[in-house]
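Visitor: Residue numbers (the working numbering), protein chains in the order written: chain V, 3 to 219; chain F, 4 to 115.
#1: Closest to residue 78(F) by C-alpha separation, out of 32(F), 91(F), 21(F), would be which residue?
#2: Does the beta carbon of residue 135(V) sit closer than 8 Å to a beta carbon anywhere in chain F?
#3: Less than 7 Å between C-beta atoms, sequence neighbours within five positions excluded: which residues of the same chain meet that for residue 139(V)?
#4: What residue does the beta strand (DSSP E) around residue 87(F) start on, and which one ends it?
#5: Going along chain V in order, which residues have a C-beta closer than 9 Å to the C-beta of residue 81(F)?
#6: Chain F beta carbons: is any one of them nearer than 8 Å to that of residue 211(V)?
#7: Short check: CB of residue 12(F) to CB of residue 68(F), under 8 Å?
#8: CB residue 77(V) to CB residue 52(V), shorter than 8 Å?
#9: Closest by CA to residue 49(V), which one among 177(V), 11(V), 111(V)?
#10: Quick one: give me the first and last residue of the beta strand (DSSP E) that residue 22(F) is part of.
#11: Quick check: what's the CA-CA separation for residue 224(V) versus residue 210(V)?
#12: Could you please tell me which residues of the region 55 to 85 of chain F, in chain order, have their CB closer than 8 Å to any CB of chain V?
#13: 8 Å is my cut-off, CB to CB: does residue 172(V) come that close to chain F?
#14: Measuring only between beta-carbons, confirm whether residue 11(F) sits less than 8 Å from chain V.
#15: For residue 99(F) and residue 45(F), what's the separation of their Cα atoms in angstroms?
#16: Ignoring anything shorter than 4 residues, give me the alpha helix (DSSP H) runs that lie fully in the region 105 to 138 of chain V, in order along the chain.
#17: In three-state terms, what does DSSP make of residue 82(V)?
#18: Grab the span of the alpha helix (DSSP H) containing residue 11(V) for me, first residue to last.
#19: In this structure, how does DSSP classify residue 42(V) when only helix, strand and coil are distinguished?
#20: Give me, in chain order, the residues of the same chain whose beta-carbon lies closer than 6 Å to that of residue 198(V); leave out the 5 immediate sequence neighbours on both sides.
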C-alpha cells in the first residue's frame, strides 16, 4: 500500500478496491465528512473512514484492521445492512409531526430558550450509526433502540411545535428504550459530530419520570 | 411487563439508591464509631434493643436493598444470560423476598 500525505482510511479502502481486489464492497458518498456513509470499524473503533487519517489510525508495524460496523448485519465485506438502525428511529417516533397546517403562519422560535439550546446540541446527527456500533447495550439487547434513535426522540420531545410528545415518551420508555442505557458514554465518545446522545437519553429518563409521576404517561 | 411498569422500576431504582446512599453512610459511620470506641457486641445490642429509631433506620435500609438489588440484577440477567420475560421477573421477586426476609431477620435480631 503506497503511503501518501494526508491519506485517509477511505483512501486506502478505495485503493484496495481499484488496484488490489475489485470485488471489495464498501460504501461511501461525499468523502468529506458530511454524509456519514463511510463509517467502518478501524482498529476496533467505529469511525468515519473519510475523516480518519491513516497516520493516526495505523498501529505497530504499519498494520491496520478495517472491519464493517459492529451491531449491524453485514451485507458484504465492509457494507452493513442499516435497515434495523433506521427502523428503530421510526419505532422511537423519530418523525416530526407539527400542530400547524400549511395555511398557518410560521411559528416564531427563540433560539436561546433552554429547550431550543438542548435541541441544538443534538440536532446535527446525520445517521452514520457510529454511536449505534459503539454501544455495548445494543450488543447485549438487540431490541434496544440505540443512541441515535433516542437522541432523535429527545430533540423532538423538546420541540414545542411537535404534537406527539406523550406518544413518543411511551415509545422510548422501558427495556427497549432509554431505561436500558448504562451511561457508558461510548456513543458520546465516538460521535463524529460531537453530539452527546447520553445527555439526551438522560433527559428522556427525566421527562418520562416526571410524566409518569404526574399521571401523564 | 408494560413500559409504565418498566419506567416505574427505574424511578424505584433511583429513589432506593438515594435512600441507600444515606443509609450506607450512616451505617458505616456508626460501625466505625462503635468499633473505635471499643464497644463489645453486648454493649452494642444493649443500645439497639428496644430502640425504635434504630429499628426504623435498619428497616428502611432493608427495604431500600430489597427494592434496589433485584431491579439492578434484572438487566444483568437479561444482558449477560439472555434471561428475559416473566420467569426472570418471578425469579427476581423471589430474590427480593429472600433479601427482605434475611434483612428483617437481622433487624429483629438487633431490636428484640
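Virtual Cβ for every residue (Gly too), placed ideally from N, Cα, C.
Guide: If we stick to the structure as given:
#1: Position 75 of the second chain, counted from the start, is the residue given in the question as residue 78(F). Taking each of 32(F), 91(F), 21(F) in turn and checking the Cα distance to residue 78(F), the smallest one comes out for 91(F).
#2: The residue given as residue 135(V) occupies position 133 in the first chain. Not one chain F Cβ lies under 8 Å of residue 135(V).
#3: Residue numbering aside, residue 139(V) sits at position 137 when the first chain is read from its first letter. So the qualifying residues of the chain are 146, 182, 183, 184.
#4: To locate residue 87(F), count along the second chain from 1; it is residue 84. Run containing residue 87(F): none; DSSP gives neither H nor E here.
#5: Working through the second chain from its first residue, we reach residue 81(F) at position 78. Annotation: Cβ neighbours of residue 81(F) in chain V (cutoff 9 Å, chain order): 142, 143, 177, 182.
#6: Counted from its first residue, the first chain places residue 211(V) at position 209. Interface residue, yes.
#7: Within the second chain, the letter at position 9 stands for residue 12(F). Within the second chain, the letter at position 65 stands for residue 68(F). Contact: no.
#8: The count along the first chain starts at 1 and reaches residue 77(V) at position 75. The count along the first chain starts at 1 and reaches residue 52(V) at position 50. No, these two residues do not count as a Cβ contact at 8 Å.
#9: On the first chain, residue 49(V) is found 47 positions in, with the first residue counted as 1. The candidate whose alpha carbon is nearest that of residue 49(V) is 11(V).
#10: Mapped onto the second chain, residue 22(F) falls at position 19. Segment 6 to 39 is the alpha helix (DSSP H) holding residue 22(F); no beta strand (DSSP E) there.
#11: Residue 224(V) lies beyond the stretch modelled for chain V, which goes from 3 to 219, so this question has no answer here.
#12: Only those residues of the region 55 to 85 of chain F whose C-beta falls short of 8 Å from the nearest C-beta of chain V are listed: 78, 81, 82, 83.
#13: On the first chain, position 170 is the one that residue 172(V) refers to. Cβ-Cβ to chain F under 8 Å: yes for residue 172(V).
#14: For the purposes of this step, residue 11(F) is identified with residue 8 of the second chain, where counting begins at 1. So yes, residue 11(F) belongs to the interface.
#15: What you label residue 99(F) is simply residue 96 of the second chain in a count that begins at 1. What you label residue 45(F) is simply residue 42 of the second chain in a count that begins at 1. Spanning the two alpha carbons is a distance of roughly 30 Å.
#16: Within the region 105 to 138 of chain V, the runs of alpha helix (DSSP H) at least 4 residues long that lie entirely inside it are, in chain order, 116 to 124, 132 to 136.
#17: Taking the first chain and counting its residues from 1, one reaches residue 82(V) at position 80. Reduced to three states, the DSSP call for residue 82(V) is strand.
#18: Here the question's residue 11(V) lines up with position 9 in the first chain. That run of the alpha helix (DSSP H) goes 11 to 17.
#19: As a first step, residue 42(V) must be located in the first chain, where it is residue number 40. Residue 42(V): strand per DSSP, three-state reduction.
#20: Working through the first chain from its first residue, we reach residue 198(V) at position 196. Once the five neighbours on either side are set aside, the close Cβ partners of residue 198(V) are 190.
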